[in-house]
Each structure stands twice: as C-alpha cells, then as structure tokens.
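With our numbering, the residue at position 126 of the sequence shown is 172, and numbering never jumps. C-beta: ideal position from N, C-alpha, C; glycine also. All values derive from a computational prediction rather than experimental measurement. Below is one structure, written out as structure tokens; comments come after it.
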Amino acid sequence: MLSIPLYLLIVFSILISYLLGSIPFGFVLAKLFKVDIQKVGSGNIGATNVFRTLGPTAGVTVFILDLLKGTLATYIAILMLNDPLWIVISGFAAIVGHMFPVFLKFKGGRGSATGLGVLLGIAPEAFIGAMFLVALIIIITRYVSLASISVSPLVAIYMFAADKPLPYSIAAAIAALLIILKHIPNIKRLIKGTERKIGEKTNV
Numbered sequence: 047m048l049s050i051p052l053y054l055l056i057v058f059s060i061l062i063s064y065l066l067g068s069i070p071f072g073f074v075l076a077k078l079f080k081v082d083i084q085k086v087g088s089g090n091i092g093a094t095n096v097f098r099t100l101g102p103t104a105g106v107t108v109f110i111l112d113l114l115k116g117t118l119a120t121y122i123a124i125l126m127l128n129d130p131l132w133i134v135i136s137g138f139a140a141i142v143g144h145m146f147p148v149f150l151k152f153k154g155g156r157g158s159a160t161g162l163g164v165l166l167g168i169a170p171e172a173f174i175g176a177m178f179l180v181a182l183i184i185i186i187t188r189y190v191s192l193a194s195i196s197v198s199p200l201v202a203i204y205m206f207a208a209d210k211p212l213p214y215s216i217a218a219a220i221a222a223l224l225i226i227l228k229h230i231p232n233i234k235r236l237i238k239g240t241e242r243k244i245g246e247k248t249n250v
C-alpha cells in the first residue's frame, strides 16, 4: 500500500483548502447575470452583496456554497490527517482563501459564511447555535454585518468554555478577530447609521 509522508498530506490539505476557499461563487454567479459584483453595492463578493444586488435566491445560493467551502475543507482534513491542529489550520486556510482569493487578485469576501462552514465541520452544535443567533439578530435588526460581528466572538468564547480541543478554540478566536477586522468599514457605517439593511436593493 502506498504510504504518503505526513508533511505532504499536510501541505496538500492546506493548499486544497485555500484553493477551495478561493472559489469566488458570488463573483461567478453574478457574472452569469452579466453583473460584476465587485463594482456594485459594497463591492463585496459575498452572499450579502449578492442578495442585495440579485435577490434572495442568488444570495442564499452563494451563502450555502461559501459555507460548504469551509465544511468540505474541514472534512478533507479530517479524512487525511484526523488531527485537531491540522484540521483547524486547513479550515482556516479555506477562510483565508475566501478573504484573499488567488483567483480575484486577493480581493475577496469577509469570511463569515466560510467560517460557519468550518464550524459545522468541527463543532456542529456550535454551528446550530451560531446560526440561530445570526438569524435572530438579522430578524431583529436587519443588519447582516452586525450578526457576523456579534456572533463570531461568542463562538470563540463557547469553544473555550466547552473545553473543545485547544486548536479549535484558538482558531475560533483568530477567525473572530479576522472577521471583525474585515468588517471595520461596516462597523463605521453602523456607527454613522449608513449601513445597508438586508432587503435594501442595490442598483445594478
């Protein structure tokens, strides 16, 4: 039976995870509608901007696809390595790929959906709780960005409190920090009261 060195499995897992994360589903789907999603609305390739620009069906589709990037990357790492450290590093690589995709000159999304996908792979119960809180905040405030900013630190706190493997908890904290940093423009707009709410249509 062919034995593959561990370091090659690690490199392959991280590389494939980054490339998976780099697939710009929002950009590709918008192109099918002859729209350059980077030039409308917030300019972001993620589900929220697609939702505002092309409607709920397109937005939800992109959200699910972006989420599955993180889950698939995690499952590949579980199958290949089955070690918490390399599993979260591979999941983290998918998030980084979404934020800085090689296919779009490293101009990507904010990582929230892909991060949720990684969470689904490593802690399904935390994923369910996070989705509930995200939905609740969006229903109450209609701000998707506020949901991402609020829930990501709570997930990190839960991972530490629930005594999850240390790599999972540390990765959740780093992911939360990255997501918040990527949302700084949104935070500024929230403070000014100019942040768009879900359902507000963007002119193409």
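Take residue i and list the residues in its own chain whose beta-carbon comes closer than 6 angstroms to its own, dropping the five residues that flank it on each side.
i	result
residue 139	60, 63, 64
residue 97	105
residue 161	141, 221
residue 218	201, 202, 205
residue 143	64, 67, 68
Taking its Cβ as the centre, do 16 or more other Cβ atoms sit within 10 Å of residue i, making it buried, or is it exposed?
i	result
residue 194	buried
residue 51	exposed
residue 170	exposed
residue 57	exposed
residue 180	buried
residue 115	buried
residue 112	buried
residue 141	buried
residue 228	buried
residue 54	exposed
residue 49	exposed
residue 101	exposed
residue 240	exposed
residue 152	exposed
residue 133	buried
residue 93	buried
residue 173	buried
residue 103	exposed
residue 78	exposed
residue 185	exposed
With DSSP collapsed to three states, give me the class of residue i.
i	result
residue 47	Per-residue confidence for residue 47 stands at a pLDDT of 42, beneath the threshold of 50, marking its modelled position as unreliable; the derived number appears in the next sentence. Here residue 47 sits in coil by DSSP.
residue 188	coil
residue 241	coil
residue 159	helix
residue 70	coil
residue 234	helix
residue 169	coil
residue 175	helix
residue 152	coil
residue 220	helix
residue 147	coil
residue 79	coil
residue 59	helix
residue 211	coil
What do you reckon, is the C-beta of residue i under 6 angstroms from a heavy atom of the ligand ADP?
i	result
residue 117	Although the ligand ADP was asked about, the structure shown includes no ligands whatsoever.
Cutting at 7 angstroms between CB atoms, please list the residues of its own chain near residue i, excluding the five before and the five after it.
i	result
residue 118	66
residue 90	155, 156
residue 243	188, 189
residue 199	222
Going by beta carbon distance, what residues of the same chain come within less than 8 angstroms of residue i, once the five residues before and after it are set aside?
i	result
residue 196	179, 183
residue 95	72, 83, 86, 87, 88, 89, 248
residue 148	64, 65, 68
The region 58 to 76 contacting the region 105 to 124, beta-carbon criterion three pairs below 8 angstroms = Counting Cβ pairs under 8 angstroms, three or more are found: they touch.
request  = Enumerate, from N- to C-terminal direction, the unbroken beta strand (DSSP E) stretches of 3 or more residues contained entirely within the region 98 to 145.
outcome  = Complete beta strand (DSSP E) runs here, min 3: none at all.
inquiry  = Is it the case that the region 203 to 220 contacts the region 149 to 157, given that we only count it when at least three CB pairs across the two stretches are under 8 angstroms?
reply    = Note that the region 149 to 157 does not touch the region 203 to 220; fewer than 3 beta-carbon pairs, one per stretch, sit closer than 8 angstroms.
Stretch pair the region 228 to 236 + the region 185 to 201: three plus CB contacts closer than 8 angstroms = A contact exists between the region 228 to 236 and the region 185 to 201.
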